[in-house]
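Residue numbers (full-length UniProt numbering): 1 to 411. Just so it is clear, CB atoms sit at the ideal spot from N, CA and C, and this is done for glycine as well. Since the model is a prediction, treat every value here as computed from it, not as a measurement.
This is the structure we're talking about:
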């Protein structure tokens, strides 16, 4: 296989960047580290290919592991990885997709960028003997399977094979409601031992190139290298994150209160902070559904999903997981516009429903681009890349070319 091969030297910057892009979710980076190190030690090749290089007639699939943080915490990292050498539900779900479509998978694309959920898809690609796409469906992490650029651009989530820890397999062949398959998956995991996996969004290479958020994995490495360098140089790592991502520092302070609530049929976490923004003393309020969904500062709306609110350690710039938020925790917030393709996808009826405020308990909220409410985030767009779209003038714009020959073959 030809492409960019991830090496041990890439692991630290990759995981730093993935944790920041995860906006509080995407899985624990230390789990991601263990996965990548084990795969490399086993001689597996972790290969990335640029989306532009993928043939139009390729079969590309997406997927991920399912399960709660609490369930994962019941396992040691190494025990679970040893188990996955014998029974890897994500691989089983992908094989089920191949049987259903009567065709072998050519490429794997991550669902999201996150500390665990990206490495686990890289591991899947390595085990299949195919390359992984340098891109994903969001450019961040999100709490639900239908929250993707793929769905918004008309790519069907189904067929969606689901495999639980007990070995049960269900294939959702069609859905009328865009959230149906995801809810079936959650029910199955609850009944099937708390862990499982899915495979979804089967698409052609041509469809992928129209809908993927491109080059997010190599971008995560760039973000990570910038943060690591800022620490070594004694510079403000938070401001460096804002700079390299084309975003804006929003807030720095301390968590005052953390409160869970059932709202609109979902369990949400409300976080209140006291500190300062660029104008002086301020208070902030975030709604989190695994990832950051909404941010208010001084009671003014500042960011709405799917725009990114990256939660960072104020000193190191390291991404903070939502499960680690507690009273007294210092935290800094950086806002970044989401990729234009997510915004385009939200204009479709399915996309509007999938991303709408009703999915995180605030149906009254309409999406407002972050650059319209936060000063100093550029409004201008620029033509870049070979997709021919106007991208926001933020970190998505740069082109990361990776040479790649014919599609990968199984080893």
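Simplified DSSP state of residue i, which is helix, strand or coil
i	result
residue 367	coil
residue 75	coil
residue 132	strand
residue 45	coil
residue 177	coil
residue 239	helix
residue 205	helix
residue 232	helix
residue 117	helix
residue 149	helix
residue 434	With the chain running from 1 to 411 in the structure shown, residue 434 is simply not present.
residue 123	helix
C-alpha distance - residue i paired with residue j, whole-angstrom precision
i	j	result
residue 302	residue 14	28 Å
residue 320	residue 177	33 Å
residue 83	residue 322	27 Å
residue 110	residue 29	15 Å
residue 259	residue 191	28 Å
residue 119	residue 247	25 Å
residue 135	residue 271	31 Å
residue 61	residue 150	11 Å
residue 181	residue 200	10 Å
residue 365	residue 223	31 Å
residue 193	residue 166	7 Å
residue 147	residue 64	14 Å
residue 99	residue 92	11 Å
residue 245	residue 367	21 Å
residue 294	residue 287	5 Å
residue 207	residue 76	39 Å
residue 275	residue 32	32 Å
residue 219	residue 308	15 Å
residue 94	residue 328	43 Å
residue 175	residue 324	35 Å
residue 7	residue 282	43 Å
residue 189	residue 235	44 Å
residue 80	residue 349	40 Å
residue 216	residue 187	31 Å
residue 230	residue 355	34 Å
Buried or exposed by the 16-neighbour rule on C-beta atoms within 10 Å, applied to residue i
i	result
residue 412	With the chain covering 1 to 411 only, the question about residue 412 has no answer from this structure.
residue 101	exposed
residue 78	exposed
residue 127	buried
residue 41	exposed
residue 107	buried
residue 233	exposed
residue 112	buried
residue 53	buried
residue 279	exposed
residue 168	exposed
residue 39	buried
residue 257	exposed
residue 254	exposed
residue 161	buried
residue 209	buried
Close beta carbons around residue i, own chain, < 8 Å, minus the five adjacent residues each side
i	result
residue 314	238, 252, 330, 331 and 332
residue 347	152
residue 9	none
residue 291	22, 23, 24, 25, 26, 140, 141, 142, 143, 305 and 322
residue 43	none
residue 410	A caution first: residue 410 carries a pLDDT of 34, below 50, which makes its placement in the model too unreliable to give a value.
residue 228	12, 13 and 16
Own chain residues within Cβ distance below 6 Å of residue i, not counting five before or after
i	result
residue 184	172
residue 284	251, 273 and 297
residue 159	100, 171 and 173
residue 269	260 and 288
residue 19	29, 115 and 319
residue 335	247, 248, 250, 303, 309, 370 and 374
residue 212	51 and 135
Rounded Cβ spacing between residue i and residue j (contact assumed at less than 8 Å)
i	j	result
residue 45	residue 5	6 Å
residue 51	residue 163	Their Cβ separation, rounded to whole angstroms, is 27 Å, which puts residue 51 and residue 163 out of contact at 8 Å.
residue 66	residue 197	6 Å
residue 155	residue 121	That pair is no contact at about 17 Å.
residue 123	residue 11	Not really, about 13 Å apart at Cβ, beyond 8 Å.
residue 351	residue 357	At roughly 13 Å, the Cβ-Cβ gap does not stay under 8 Å, so residue 351 and residue 357 are not in contact.
residue 431	residue 342	Nothing can be reported for residue 431: it is not among the residues displayed for the chain, which extend from 1 to 411.
residue 3	residue 48	6 Å
residue 157	residue 89	With a Cβ gap of about 18 Å, residue 157 and residue 89 do not count as contacting.
Beta-carbon proximity list for residue i, same chain, < 7 Å, skipping 5 on both sides
i	result
residue 103	59
residue 277	250, 251 and 297
residue 226	240 and 244
residue 373	301 and 302
residue 267	260
residue 74	none
Beta carbon proximity, residue i to chain D, threshold 9 Å
i	result
residue 251	No chain D is part of this structure, which consists of one protein chain only.
Check: residue i C-beta below 8 Å from any heavy atom of the ligand GDP
i	result
residue 3	With respect to the ligand GDP, the structure shown offers nothing to examine, as it has no ligands at all.
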